[in-house]
Structure formats: structure tokens, C-alpha cells
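Read through the structure below, which is laid out as C-alpha cells, and then see the notes.
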Amino acid sequence: MRLSAFALSTTKETPADAEIVSHQLMLRAGMIRKLGAGLYTWSPLGMRVLRRVETIVREEMNATGALEVLMPAIQPSELWRESGRWEQMGDLMLRMHDRAEREYCFGPTHEEVITDFVKRDISSYKQLPVNFYQIQTKFRDEIRPRFGLMRAREFIMKDAYSFHMDEADLDREYHAMRAAYTAILDRIGLDYRVVAADSGAIGGAKSEEFHVLAQAGEDELAVSEDGRYAANIEAAITLPGKDERPAPSGELRKVDTPGVATIADLCQSLDLPVETTAKAIVVMGDDDKPVLMVLRGDHTLNDIKAEGIEGIATPLKFAEENVIREHFGAGPGSLGPVNTNVRVIADYAVQNAADMAVGANYDGAHFVNFNWGRDAIEPEFADLRNVTAGDPSPDGSPLSVLRGIEVGHVFQLGDKYSKALELSVLDENGKAVTPQMGCYGFGVSRIVAAAIEQCYDDAGICWPTAIAPFELVIIPIKADKSATVREACEKLYTECRQAGIDVAYDDRGLRPGPMFADAELIGIPHRVVVSDRGIDAGTLEYKGRRDSENSQIEFSLEALRQK
Ligand code: ATP
Ligand code: MG
Ligand code: MG
Ligand code: MG
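Our numbering numbers the first residue of the sequence shown as 29 and each following residue consecutively.
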């Protein structure tokens, strides 16, 4: 690709509204442009990366024998009513009407649609097992779309759904999908962990998540040192037996809040040794929306009231209503038995290195009614360290907590959807059987951002070669003055293309500085510089994106190939 014809649009300035590195760099590199909250256009540069991810995902899915389909993004409400999720999905689902006032949603996921599809064409055990997948646009009206493509409202997911005669066969396919996800992440070349997960609103028995490790990750993973146990912290703290243990020894205090301006003030008024960087965990509930938040010391109490404001507070994933209800009871005034609250809040506070934990009945004014400082919650950490595979075990190896970005999720759904939507097939004895289902999601657009979180430096993105927009960039020096340089570049460019190298030729006529800066910002793994001096000496100046120094290599495709 000639960069003069590629509509590259980079900026030096870091956009003010982008909090995390991947979002900043995707904007600076001109990979994406924002249209509205959680809505992004992919530029030609962004598309190159996205397509590479898609290709890897597609190849690995095809290799398992899964079959690609494409389902409508718009789905009629009837199916969702049958599964009981039309209400359950709440505000997450974007709903709409057609001209005949029929109800639809823009699909946040496709269990209902695929079950309907299978119901129409599959009726015998001879047609099973089968696994259908698609790579498609989803819409979820996330409470806080943020971090660019990381938590968008419109995003691209690979979702697969498998159907089986029995649980054993579902288990087999589940492991095949797990292996495919491992292969995908290995090919992309990222550091990741597979962790046990809560099944959440999708339901079902067994589920695991794939997390790309990065500080910017919204999830916390409890991973044991011996590697035998790894779980999303949500799953770790809901292990059997945890809630039955006694409340921590922390003092329970009722506090009035007037006159307290910030979380740090609040901590101080409670004699807690905190600074303005202090963090607090707050659990609050208004009439129908319990929310668990992590707040910084400089957040004000009004910020808590204004929890709808983007970027002010971070509701943890526990904020997903049905899950939080399990732990906190039905709502305000009934936050559940205090012991349960205490335990879960303390766990979160410890995990988030908070200086205090606050439970609240939020009425907009006096919201604090109990709290702990760090001294009280720290001992809880010891307990959490003893959580190992399945149950707390006496010889448990210590747990450490890592941050991760959820890029994939595999579930054994069982018969939840096949039963609700009355899917049945005949077995070899002619008896009707409800098939077992699995579902397997992968964040195709999210992983682009996740890869950047793991692969960047001060100059910009350092793509893993497997998903880089180009493999190689050719940069000419003083091409405007030297026909020799122009010709040498053209020749090298043509040879590279003929050799199947995905090459960018920076023929924009810029000075070397801006060309180097762009090549580093957009993260091209290999760079060669063509100059009169090099041509005279028969050399190319080579630099790998992560190399600190240039090196001279022979001016030939072969020498380049060695790199
Ligand atoms: P999260 O916990 O981050 O909200 P999820 O558990 O709701 O994700 P799933 O329903 O498991 O997501 O969907 C499968 C995959 O789709 C996720 O593992 C993630 O990679 C991707 N995904 C989900 N929500 C978003 C989003 N808002 N933006 C981008 N990708 C997303
Ligand atoms: Mg979600
Ligand atoms: Mg999740
Ligand atoms: Mg998930």
C-alpha cells in the first residue's frame, strides 16, 4: 500500500477524553473515529487490524469444524419473550418498533435466534452435533460505554452456539472451543489467562473466561501460585462456604455525612489513615438499582449521586443487577443480612486496595451507615488467599490478583434455551430429546484494544506481527531530490509485494521525522530506510519496532526476509 493513497490521519496530541492507552493510541493513530457514545467508525488502518483478527478467529473456528452463518442483527421480541429474557435484559437491550408497531431489539447476543434456526432444520440425532458461528455486530446499551473499543455499545463479536445429544458430547465440544480460543490467543501472541467464571445473566453450569492481562483491565483475576486455580474474582468470592463465615472483626459504625465533601474527607472524619489518593468501595442502592462502586479520594459525595456520569465512578461487574441482588438482597433498606454485605464488601475493598469500605442506603443525603478502614479489612485478604480449586483448601497455594480484559467466554448452557424455545430432536429410538447447548463468545473488536494495552511504548503501538496493519514500511530519504532513491524504493516495494509481504511504502513526500514518528505510532513491526548513502554502500537501514538501535543490512529481499 502506498501511504499517499491510504488516508492515514495521525495526531501527536493525546485526546482529552481518552483515559486508557489503547483508546488514546487508536485515536492518535487514526484507527477509529467516534460517532457517538460507544459508537466508532473503523478507518482503513483500523480495518486492516480488525480483518487480521477476524481471519485468525475464522481459521481457528473452521479448523474445529464449526460452520459459519450470519444471523440478523435485528431480532423480533417474540423469541425473547419465550426465553424469558425480554424483561430480564432490561436497559442493556436497545429496543425498537417497525411501522406495524411490532417490537424488535438490536441483538446483544444470539442464543434465541440460533435456537430458532436449529429448530427449523434439525430434527434428528443424525444431524447432531453441530456448531454454528458468526462474526457480527452486537449492540449493548452499556451503562458506561468507555475506553473506546474496549467497552463500546456497538461492537463486533464472534459468537458460536453448539447443539448436542448429551452432556458428554457438549463437554467434548466445550473443550474443543476452549482449545480453539487458546490457539487464537497464541497466534495473536498475547499474554492471557483462562479463568473460572460466573455465568451471569446468560445462565448455565460451567463457564470460563479468557483474559488478556493488562493493568487497564476491568476484571480482577485470582490466580494461585501453583497455577492450579484461576478464577474471575466474582467467581472466587462466591465459592461455596465463603458467605457462611463470620463477619470480619471490623467495627460497624453509623455515620452522618453532612459537611463531608469528598471520600478522603469522609475517611478522615472516621480517623482512617488516608490521603487524597484513597480509594473507597461503596455499595449503594436506590429503589431498583444496587450499585457497587470504586471511588477515588477526590471524588465527592455528589459524584456518587451522579453515578450516571461517565468516568466518575467505576461500578464493578457485580453491579449486574441479578448478581448483586443475590449478595445484597432486594434493594435499599434491605441490603441483605449484614454478614453477607460485610463479607462481599470487604473482599472487594481488599481486592481493590481500598482504604475503606462503605455500605450505604442511598437516599441522596445521609448515605453512610457502616464502614471499615484498611486495618479491619486486611485480615480478610488472608482468607481469600486460601481459596483454591473448588473450595477453600487447607494446603492452598497463595493467590495473587491480576488485572485482565475479558476477550473470550465459553459456556455450557445445558438445556436452558433449547427447553424454553421447545427445541427437540429424535434419538435413535425415535424418542424426543432436548439438546444440550454450549455458547462461545469472542470479542473481535475488543481484542484489538486489548492487544494495544499489552503492546505499546512511548512512541506508540508495537503490534504483535500476526495482527499488524502492515508487516513492513519502506521509508525513503530525500526522495524528492533523488531519482535513485525513488527507483530503489519502487523496486523494493514491488519485490516485497510479489513476495507476499504486506508492505507500506511511505511515498507521502514528508520529512524523515514525521515518517518515522508515524511508522512507530501505528506500530509497523519492521522498518527499512532507503537513502543514497545506503544505496551506494549496497545497504538498507533496518529497525524492528521494539529494537533500540538501527542496523545496516544488505540491500536485498533475502536479507530482509531474515528479519
Ligand atoms: P463484560 O464482562 O466485559 O461486560 P460480558 O461478559 O458481558 O463482557 P459476553 O456476554 O461474555 O460479555 O460476550 C462475549 C465477549 O464479547 C466478551 O468476552 C467480550 O470480549 C465481548 N464484549 C462484551 N461486551 C462488550 C462491549 N461492550 N464492547 C466490546 N466487546 C464486548
Ligand atoms: Mg457485559
Ligand atoms: Mg463478563
Ligand atoms: Mg462474559
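We put the beta carbon where it would ideally sit given N, CA and C, even for glycine.
As a quick exercise: from 95, 139, 108, pick the residue whose alpha carbon is nearest that of residue 464. As a first step, residue 464 must be located in the sequence shown, where it is residue number 436. Residue 464 has its Cα closest to that of 139, out of 95, 139, 108.
Cβ distance (whole Å) where residue 567 is taken to contact residue 583 below 8 angstroms: Looking up residue 567 in the sequence shown gives position 539. Looking up residue 583 in the sequence shown gives position 555. The pair is a contact, with the Cβ atoms about 6 angstroms apart (cut-off 8 angstroms).
Would you call residue 205 buried or exposed, if buried means 16 or more other Cβ atoms sit within 10 Å of its Cβ? By one-based count along the sequence shown, residue 205 stands at place 177. Per the 10 Å Cβ criterion, buried.
Go to residue 190, then tell me how far its beta strand (DSSP E) extends in each direction, as first and last residue. To locate residue 190, count along the sequence shown from 1; it is residue 162. It spans 182-192 - the beta strand (DSSP E) in which residue 190 sits, taken as one unbroken run.
Check whether residue 157 and residue 65 have beta carbons under 9 angstroms apart: The count along the sequence shown starts at 1 and reaches residue 157 at position 129. The count along the sequence shown starts at 1 and reaches residue 65 at position 37. No, they are not a contact pair.
Sort out for me which residues DSSP pairs residue 539 with in a bridge. If you number the sequence shown from 1, residue 539 lands on position 511. Answer is none; residue 539 lacks a bridge partner.
With respect to 8 angstroms, is the separation between the Cβ of residue 169 and the closest non-hydrogen atom of ligand 3 below this value? Working through the sequence shown from its first residue, we reach residue 169 at position 141. Incorrect: residue 169 has no Cβ contact closer than 8 angstroms to ligand 3.
For residue 195, which of 442, 529, 428, 450 has the nearest alpha-carbon? Numbered from its first residue, the sequence shown carries residue 195 at position 167. Cα-wise, what sits closest to residue 195 is 442.
Identify which residue in 136, 101, 468, 256 has its Cα closest to the Cα of residue 116. Position 88 of the sequence shown, counted from the first residue, corresponds to residue 116. Closest option to residue 116, Cα to Cα, is 136.
Hey, out of 85, 238, 493, whose CA is closest to residue 435's CA? Start at 1 with the first residue of the sequence shown, and residue 435 comes out as number 407. It is 238.
From residue 243 to residue 170, what distance separates their C-alpha atoms? In the sequence shown, the residue the question calls residue 243 occupies position 215. In the sequence shown, the residue the question calls residue 170 occupies position 142. Going by the C-alpha atoms only, they are around 21 angstroms apart.
What are the partner residues of residue 437, as DSSP defines its beta bridges? Looking up residue 437 in the sequence shown gives position 409. 237, 469.
Whole angstroms are fine: how far does the CA of residue 548 sit from the CA of residue 487? Working through the sequence shown from its first residue, we reach residue 487 at position 459. Working through the sequence shown from its first residue, we reach residue 548 at position 520. If you take the alpha carbons of residue 487 and residue 548, they lie about 6 angstroms apart.
Between residue 54 and residue 574, what straight-line distance do the alpha-carbon atoms span, to the nearest angstrom? If you number the sequence shown from 1, residue 54 lands on position 26. If you number the sequence shown from 1, residue 574 lands on position 546. Going by the C-alpha atoms only, they are around 19 angstroms apart.
Alpha carbon to alpha carbon, how far is residue 539 from residue 252? Counting from one through the sequence shown, the residue named residue 539 turns up at place 511. Counting from one through the sequence shown, the residue named residue 252 turns up at place 224. If I take the Cα positions, the gap works out to 52 angstroms.
Option in 34, 199, 80, 49 with minimal Cα separation from residue 480: Along the sequence shown, one-based indexing puts residue 480 at 452. Ranking 34, 199, 80, 49 by Cα distance to residue 480 puts 49 first.
So residue 505 packs on residue 559, CB below 8 angstroms; how close in whole Å? Position 477 of the sequence shown, counted from the first residue, corresponds to residue 505. Position 531 of the sequence shown, counted from the first residue, corresponds to residue 559. Confirmed, Cβ separation roughly 4 angstroms.
Measure the CB-CB distance between residue 532 and residue 501 and report whether it falls below 9 angstroms. Position 504 of the sequence shown, counted from the start, is the residue given in the question as residue 532. Position 473 of the sequence shown, counted from the start, is the residue given in the question as residue 501. Yes, the pair counts as a contact, with Cβ atoms nearer than the cut-off.
Look up residue 574 in the DSSP assignment and say whether it is helix, strand or coil. Stepping through the sequence shown from its first residue, residue 574 is reached at position 546. Residue 574 falls in the coil class under three-state DSSP.
Neighbourhood of residue 266 by C-beta, 6 angstroms cutoff - its chain only, sequence neighbours within 5 removed: Residue mapping note: residue 266 aligns to position 238 of the sequence shown, counting from 1. Note that residue 266 scores 47 on pLDDT, short of 50, meaning its location in the model is unreliable; the coordinates nonetheless yield the value given after this. Within the same chain, residue 266 has no close Cβ partners at all.
Quick check on the burial criterion: 16 or more other C-beta atoms within 10 angstroms. Buried or exposed for residue 520? Here the question's residue 520 lines up with position 492 in the sequence shown. Per the 10 Å Cβ criterion, buried.
Can you find a heavy atom of ligand 4 that lies under 8 angstroms from the Cβ of residue 469? Within the sequence shown, the letter at position 441 stands for residue 469. Residue 469 Cβ: within cutoff of ligand 4.
Over the uninterrupted beta strand (DSSP E) stretch that includes residue 558, give me the two end residues. As a first step, residue 558 is located in the sequence shown; it is residue number 530 there, counting from the start. Segment 554-558, the beta strand (DSSP E) holding residue 558.
Tell me, which residues are paired with residue 220 by DSSP? Residue numbering aside, residue 220 sits at position 192 when the sequence shown is read from its first letter. In the DSSP output, where bridge partners are listed per residue, residue 220 has 240.
What are the boundary residues of the beta strand (DSSP E) that includes residue 125? The residue you call residue 125 lines up with position 97 of the sequence shown. Counting along the chain, the beta strand (DSSP E) containing residue 125 begins and ends at 122-125.
Answer with buried or exposed for residue 482, where buried requires no fewer than 16 other C-beta atoms within 10 angstroms of its C-beta. One-based indexing of the sequence shown puts residue 482 at position 454. Buried is the call here.
Residues in the same chain with beta-carbon distance under 6 angstroms from residue 97, minus the five sequence neighbours each way, listed in chain order, please. Here residue 97 corresponds to residue number 69 of the sequence shown, with the count starting at 1. Around residue 97: 160, 162.
Helix, strand or coil, according to DSSP, for residue 521 in the structure here? Within the sequence shown, numbered from 1, the residue matching residue 521 stands at position 493. In the structure shown, residue 521 sits in a helix (DSSP, three-state: H, G or I).
Beta strand (DSSP E) containing residue 590: first to last residue? Within the sequence shown, residue 590 is the residue found at index 562, counting from 1. From DSSP, residue 590 is part of no beta strand (DSSP E) but of the alpha helix (DSSP H) over 585-590.
Residue 167 and residue 179 look like a contact to me (Cβ under 8 angstroms); what is the Cβ gap, rounded to whole Å? In the sequence shown, residue 167 corresponds to position 139, counting from 1. In the sequence shown, residue 179 corresponds to position 151, counting from 1. With a Cβ gap of about 13 angstroms, residue 167 and residue 179 do not count as contacting.
Residue 99 versus residue 235: straight-line alpha-carbon distance, rounded: Locating residue 99 in the sequence shown gives position 71, counting from the first residue. Locating residue 235 in the sequence shown gives position 207, counting from the first residue. Near 24 angstroms, if we compare the C-alpha coordinates of residue 235 and residue 99.
For residue 449 and residue 111, believed in contact at Cβ under 8 angstroms, the rounded distance: In the sequence shown, counting from the first residue as 1, residue 111 sits at position 83. In the sequence shown, counting from the first residue as 1, residue 449 sits at position 421. With a Cβ gap of about 6 angstroms, residue 111 and residue 449 count as contacting.
Looking at the secondary structure, which residues open and close the beta strand (DSSP E) in which residue 498 lies? On the sequence shown, position 470 is the one that residue 498 refers to. Looking at the DSSP string, residue 498 is not in any beta strand (DSSP E), and its letter there is neither H nor E.
Quick one: is residue 561 buried, meaning 16 or more other Cβ sit within 10 Å of its Cβ, or exposed? Within the sequence shown, the letter at position 533 stands for residue 561. So residue 561 counts as exposed.
Rounding to the nearest angstrom, what Cα-Cα distance links residue 345 and residue 557 in this structure? Within the sequence shown, the letter at position 317 stands for residue 345. Within the sequence shown, the letter at position 529 stands for residue 557. Low confidence applies to residue 345: its pLDDT is 36, below 50, so where it sits in the model is not reliable, and the reading given next is rough at best. Approximately 48 angstroms, taken between the alpha carbons.
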